[in-house]
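Under this note's numbering, the first residue of the sequence shown is numbered 2, with each subsequent residue one higher. Cβ coordinates follow ideal geometry from the N, Cα and C atoms, glycine included. Predicted model only: the values in this text are computed from it and were never measured.
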Amino acid sequence: MNTTIQIPNYKFRIPIIILLFLAFTSTAQSDPNLGIIPAPVSVNKGKGEFRLTPETLILVDSPSNKAIHFFTEYLKKAGYINTVLDVNTVDKKKYSLKNSITLSLNFKGDLPAEGYRLSVTENQVIIEGRGAGMFYGIQSLIQMMHGTNPGYAAIPCATIKDYPRFSYRGMHLDVARHFYDTAFVKKYIDMLAAYKINSFHWHLTDDQGWRIEIRKYPKLTEVGSKRAQTKIGRATGGDSTSYDNMPYEGFYTQDQIADVIRYASDRYVQIIPEIEMPGHSLAAITAYPELSCDPSKTYKVGETWGVSNDVLCPTNETFKMLDDILLEVMELFPGKYIHIGGDECPKIAWKKSEFCRSLMSEQNINDENGLQSWFIGKIEKYVNSQGRNIIGWDEILEGGLAPNATVMSWRGDKGGIAAAQLGHDVIMTPGSGGLYFDHAQSKSPQEPLSIGGYAPLEKTYAYNPVPSALNAEQAKHVIGVQANVWTEYITTTAKVEYAVLPRLMALAEVGWTPANGKDFTNFSQQRLPRHLARLDATGTNFRVPVAYGAEDTTLSGSHFTIKLTPAVEGAKIYYTLDGYAPRETDQEYKGPMEFTIPEHGSLHFKTITITAAGRRSNVSDIKMEN
Ligand code: TNX
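Spelled out as C-alpha cells, the structure:
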C-alpha cells in the first residue's frame, strides 16, 4: 500500500527538486550579485554552498542586539528550528564551528557606517557588522537563502563586503490623502528594511486630512481628520466632476505612533514626521480657523486634490500653536529630523491680508516669498532650540534658506543643486527622475488611475542622485535619495503596494549600490524575478511587469523569432494571435517561437503573464508586419 503511494510521489518529486536546484544554480552561477538587492559593493563567489539544517548552530556574541533578535525571530517564523548559543557563556569546547552561523558584533577593526562583511563557506557562515551593518548583513543572508523544504536552506559560498553609497535612503508615504492603518505602515516599514532603506518619511498632514493626534489641540483630529466626501476620478483634466458622497476619516493616536516608531527602530529605520506648513494646511485651518488670515470664512477639509489657497497666517497665535504641535511631535519622534513641508504655498491670502502687509513692513521683508522664508526661519529656530533639524521641500529656498535646513529637491535637480552649492544638505527626490511613485509605470491604458506622469522601473533605476553640476565638495552635501508616494489616487493598501513594487527595489539600488555596480539587465532579469516570486508567495501585491521580450512594439519583416522570459519566477505566459486579450484559457508560451508573415500581412502576438498566485501583468502586443 505504502509503496504504491510513494512511487508516484517520488517520481514527481525528484524532477521538481532537480529543476529547482538547476534553476537556482544556473542563475546563481551567472548572476554576479547572487540575487541580492540592492547589489553589494563587492561579491566574490566561491564554489559550492552552505546547507542550513535544523542542526546548524547560530552563534552570537551579542544576544540582546536588535539585529540578532530580528534574525532569530525571522528563523522561527520561517520554520527554522535552530539552536542559538551565546558564545560568551557557552564552553567553546562544547560545540563545533562546523555547520554554524556566527553573527559577530565584537570583531576587530572598522567597517564603513552601516557596512558588513559576510562570508559563506561549505562549513560556516560568518557575518560581521555593528548596528545597522549587522542588520543589513542579515538581510543579505536571508536573500541568499534558497529552499522549499521548511527548516532547510542552501546558501551559495561567497565573500561579500558591503556598505551604502548614501547615508539617507528614504521612502515617503502620504497618509493624508488616503489613510492606511498601522498594520500596513508596519508592513511598509518591513519592505523598506528588507531593502536597506533606512528612512521613512511619514506625510501626516495635508489639506485633505490631519492624521496625528495632538493632545493640546484635539480638534485637529476631531475635525481635521474627517472629510465629508472625496472627488471621483482625476481632479484636474477632468475624468469626472462628481464626488462620492462618502465620509472619509482616520488618524493615529500617539500610542499607535509610538508603537510604530519602536517597530521601525528595531529594523534600523528612522521615521521623519512631516507637519505641513504654511501651505497644505486646510485640515488644520478647518479645525482652527484662527490659524488663517480670514477666520470669518467657513472652511472645510479638502475633498479634492491640488493646491489650496487657504494657508496658515504668520500670526503669533499661529506660531504658538505650531510650536506646541511641534513640541508634541518632537516628544514622540526621537529622530534628528522634523519635516516642516514648505511646498506649494500660494501667496494670495497673504497678499490680501492687512496683517501680513504690516508684518512685512515691520520686519523689513520685501515680498511674500521673503515672508515664507521668515516663517520657515522662525520655525527652524524653534526646532533647533529643541535640538532637532528641519527638512523642507525645495520651495524653502525661495526668499532665502533657513540657516540649518536640509532641502528635499522635488522639482527636478535644481533646488538640490542650489542648496548644495550654498553648503546645505540635500535629499534628492525629483519627480522628473522617476522618484514619484504615484506616477504611471507604463504608457499602457491598462494601468490603474494615477496622477499621470511616467516613471517606469528603468527610469527610477537609472536615476543618479549626484548632479554633474556639483563639484566633489558640494556633492558631499547630497546625503541621499528618496521616492515619494503621494496618494490622491491610491485608495487601498494593495494599490500602495502596486505603486511601490518593484520600483522600491530600484530605488534601493540607487541609494545603496556604487554607481559603477549598477546594471539594469542584471537587476531586472537575473535578480528581480525571484524577489517578485517571494512577494507573490507571501501575499504582497506588486505590479507584474510584462515578460521580457514581450513589450509593446511593432516589428517589420517577414521572419521573426520571439523569445520571452517571465519577469516573475514561476509565472506563466499565455498568448493569443487572434487579437483578443490573452488569459489562462489561451495557449501557454513554452519556448522560442518562429513566425513567418506573408507579404502585406500582419499578426498581433499578445501576451499576459500570470503569477503562481494569480497576479496578472498588462496585456502586451507585438505587432509583426510585412
Ligand atoms: C506635489 S511634491 C506635491 C504634493 C502632491 C504631489 C502629487 C510636493 C512637495 N507637493 O502635494 O501630492 O505633487 O504628485
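Residue of the options minimising C-alpha distance to residue i
| i | options | result |
| --- | --- | --- |
| S101 | P113, T122, S621 | T122 |
| G434 | L423, V330, D414, S469 | D414 |
| E399 | I392, E489, G416 | G416 |
| Q140 | G110, M192, Y96, M172 | M192 |
| S469 | R504, H440, A421, Q125 | A421 |
| K444 | D553, L402, T242, T541 | D553 |
| T287 | L313, V408, I272 | L313 |
| K321 | V308, Y153, Y289 | Y289 |
| K564 | T541, A572, K573, G592 | G592 |
| K301 | K46, L292, L283, E291 | L283 |
| I341 | I349, K348, Q373, T242 | Q373 |
Distance CB(residue i)-CB(residue j) smaller than 9 Å
| i | j | result |
| --- | --- | --- |
| W411 | P315 | no |
| W306 | K232 | yes |
| N523 | D32 | yes |
| P466 | V479 | yes |
| I213 | R528 | no |
| Q483 | R166 | no |
| A548 | S618 | yes |
| V91 | T103 | no |
| G210 | E250 | yes |
| G1 | M278 | Here the chain has residues from 2 to 627 only, and residue 1 is not among them. |
| Y253 | D325 | no |
| I215 | F334 | no |
| Q654 | E329 | What the structure shows of the chain is the stretch from 2 to 627, and residue 654 is not part of that stretch, so it cannot be assessed. |
| I273 | I198 | no |
| Y455 | F521 | no |
| W203 | L221 | no |
| F561 | E600 | no |
| T407 | Y338 | yes |
| G303 | D207 | yes |
Nearest-angstrom Cα separation, counted from residue j out to residue i
| i | j | result |
| --- | --- | --- |
| A159 | G49 | 9 Å |
| F71 | D295 | 52 Å |
| M247 | E459 | 38 Å |
| T612 | F606 | 20 Å |
| A114 | I262 | 22 Å |
| L436 | V85 | 41 Å |
| I377 | W351 | 15 Å |
| A509 | A551 | 26 Å |
| R268 | A194 | 6 Å |
| K77 | P151 | 11 Å |
| P583 | V620 | 7 Å |
| L112 | G615 | 43 Å |
| S43 | N310 | 51 Å |
| D182 | L502 | 19 Å |
| H327 | I59 | Position check: residue 327 holds Leu in this sequence, whereas His was assumed. About 44 Å. |
| G602 | G580 | 14 Å |
| R52 | M145 | 12 Å |
| L556 | L578 | 15 Å |
| L205 | A184 | 16 Å |
| Y96 | T149 | 28 Å |
| E1 | A419 | Examination of residue 1 is not possible in this model, given that the chain is present from 2 through 627 alone. |
| L223 | V126 | Just to set this straight, residue 223 is Glu in the shown sequence, not Leu. Each residue's alpha carbon lies about 54 Å from the other. |
| W513 | W394 | 23 Å |
| T566 | V545 | 13 Å |
Helix, strand or coil at residue i [DSSP, three-state]
| i | result |
| --- | --- |
| F201 | strand |
| S559 | coil |
| Q588 | strand |
| H340 | strand |
| C357 | helix |
| F596 | strand |
| D395 | helix |
| G416 | helix |
| I276 | strand |
| W211 | strand |
| V121 | strand |
| L458 | helix |
| A509 | helix |
| N619 | coil |
Segment limits, alpha helix (DSSP H) that includes residue i
| i | result |
| --- | --- |
| D260 | 255-266 |
| W306 | No alpha helix (DSSP H) holds W306; DSSP gives it neither H nor E. |
| N370 | 369-386 |
| L76 | 67-78 |
Continuous beta strand (DSSP E) stretch holding residue i: start and end
| i | result |
| --- | --- |
| A484 | 479-484 |
| G47 | 43-53 |
| H605 | 603-611 |
| P165 | Element bounds for P165: n/a, residue is neither H nor E. |
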